[in-house]
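Worksheet for the structure shown next.
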């Protein structure tokens with residue numbers, strides 16, 4: 013499974029120019045473009061693991077980005093697109109990925125098919141980047157309070173412990 | 361019956377906020393933490409770790425607990441190419457980075473086995489939670505801003521889970537990259553959310569030791585969600601991070 017990751021990464025890399033420069037690719041049979049729906053659709057049936065590359069057109073891949081409701085995604089959902097790549101036969105087996113874009117940025121990658129596995133989210137290092145923000149908020153506990161006794165006395169966690 | 365108690369063990373302020381258990385149950389969790397300190401501290405000459413380090417014990421004579429801790433150390437050392445290590449040259453065997461999260465997770469397990477289902481244990485900023493403090497609401501775990509001590513940079517909503525943060529402000533000068541022996545640079549703060557604090561804490565420490573390489577390394581760890589601030593003040597978060605909207 014680990015060895016498939018470079019293959020998947022290459023597949024993803026291959027999808028990016030396709031998405032950026034061929035927005036009409038959905039009509040060419042190789043790629044399926046699906047607007048991310050407001051609510052997750054039913055999960056796609058597990059694909060066959062034979063070596064042939066079945067057409068992906070018409071399949072209903074599960075919407076990626078269906079993260080917990082606490083994710084601040086609502087405003088961006090209108091621009092979210094998922095694109096399924098072609099099934100690629102490799103020495104490790106058949107690989108097919110689905111990529112979610114927000115505009116031109118990749119926000120999620122999911123392996124629809126990977127060698128010796130069911131469809132699964134790969135542990136690909138995809139991260140959302142944002143500017144560091146400072147906030148204060150009503151909380152129950154603090155992660156990252158200082159480890160020293162002196163630091164603890166002045167920390168938010170001490171204030172929380174003492175307030176109860 | 362609820363209990364709130366803070367005690368300094370293993371050099372850490374450890375807070376237990378137990379919503380459905382009594383003082384005797386909380387004491388059992390603290391008693392375990394004191395035992396773990398006596399057994400695993402490299403600073404106590406008669407601890408099992410010190411005796412192993414002096415060659416008074418062989419690997420065959422160790423308790424199953426220390427075997428488990430050392431195997432976790434070995435796994436992370438291998439996975440990080442040696443950036444994370446429990447054997448810093450000149451400092452002897454020091455498995456503290458693993459012991460802390462592992463022992464605190466077990467303290468939380470003692471609460472659960474004692475019948476509790478709603479609690480928050482915070483050991484020097486590493487957190488295990490269970491249940492909901494109020495019906496329908498998760499524990500709100502604020503992550504300290506890496507540069508402003510009384511501010512947060514993100515709030516996570518956690519029911520049963522663990523959150524650990526490793527940061528420059530905390531003990532960065534003491535975390536060395538095991539590959540170079542030099543202090544770590546590149547990252548201000550790494551926060552990891554996982555099911556188990558042994559995993560969350562060690563992953564955070566190991567990612568921190570990797571410096572900038574730790575960002576992608578941490579993101580690739582199975583069953584871990586991360587929030588990382590680099591020295592350019594950019595925040596990186598996993599798609600599955602349980603961000604709580606305040």
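Residue numbers (the numbering used here), protein chains in the order written: chain Z, 13 to 176; chain P, 361 to 606. Where is the CB? At the ideal position from N, CA and C, for every residue including glycine.
Going by other Cβ atoms of all chains shown within 10 Å of its Cβ, with 16 needed for buried, is residue 497 of chain P buried or exposed?
-> By the 10 Å Cβ count, residue 497 of chain P comes out exposed.
Grab me the residues of residue 445 of chain P's own chain with a C-beta within less than 6 Å of its C-beta, minus the 5 sequence neighbours each way, in chain order.
-> So the qualifying residues of the chain are 437, 538.
With 8 Å as the threshold, decide whether the Cβ of residue 596 of chain P is near any Cβ in chain Z.
-> So yes, residue 596 of chain P belongs to the interface.
Which residues in chain C sit within 7 Å of residue 508 of chain P, going by Cβ to Cβ distance?
-> Absent here is chain C; the protein component of the structure consists of chains Z and P.
What are the boundary residues of the alpha helix (DSSP H) that includes residue 396 of chain P?
-> Segment 383-400, the alpha helix (DSSP H) holding residue 396 of chain P.
Just list the beta strand (DSSP E) runs in the region 442-512 of chain P, keeping only unbroken ones of 3 residues or longer that don't cross its boundaries, in chain order.
-> You should have 479-483, 486-490, 499-504.
When DSSP labels each residue in this structure, what does residue 521 of chain P get in the three-state scheme?
-> DSSP places residue 521 of chain P in strand when its eight states are reduced to three.
Tell me, please, whether the CB atom of residue 93 of chain Z is closer than 8 Å to any CB atom in chain P?
-> For residue 93 of chain Z, the answer is no, since every Cβ of chain P falls outside 8 Å of its Cβ.
Around the C-beta of residue 598 of chain P, are 16 or more other C-beta atoms found within 10 angstroms, so that it is buried, or is it exposed?
-> It counts as buried.
Buried or exposed by the 16-neighbour rule on C-beta atoms within 10 Å, applied to residue 414 of chain P | A residue is called buried when at least 16 other Cβ atoms come within 10 angstroms of its Cβ; residue 414 of chain P does not meet this threshold and is exposed.
Buried/exposed call for residue 427 of chain P, threshold 16 Cβ in 10 Å = Residue 427 of chain P should be labelled exposed.
Report, in whole angstroms, the separation of the C-beta atoms of residue 140 of chain Z and residue 113 of chain Z, which I expect to be a contact under 8 Å.
-> Contact flag wrong, Cβ pair sits at about 13 Å.
Helix, strand or coil: which one does DSSP assign to residue 429 of chain P?
-> Correct three-state label for residue 429 of chain P: helix.
Does DSSP put residue 594 of chain P in a helix, in a strand, or in coil?
-> DSSP places residue 594 of chain P in the strand class (E or B) of the three-state scheme.
With 8 Å set as the bound, which would you pick, yes or no: does the beta-carbon of residue 499 of chain P sit closer than that to a beta-carbon of chain Z?
-> Closer than 8 Å to some Cβ of chain Z, the Cβ of residue 499 of chain P qualifies, so yes.
Is residue 55 of chain Z helix, strand or coil when you go by DSSP?
-> Because residue 55 of chain Z sits at a pLDDT of 36, beneath the cut-off of 50, its placement in the model cannot be relied upon, and the point is left open.
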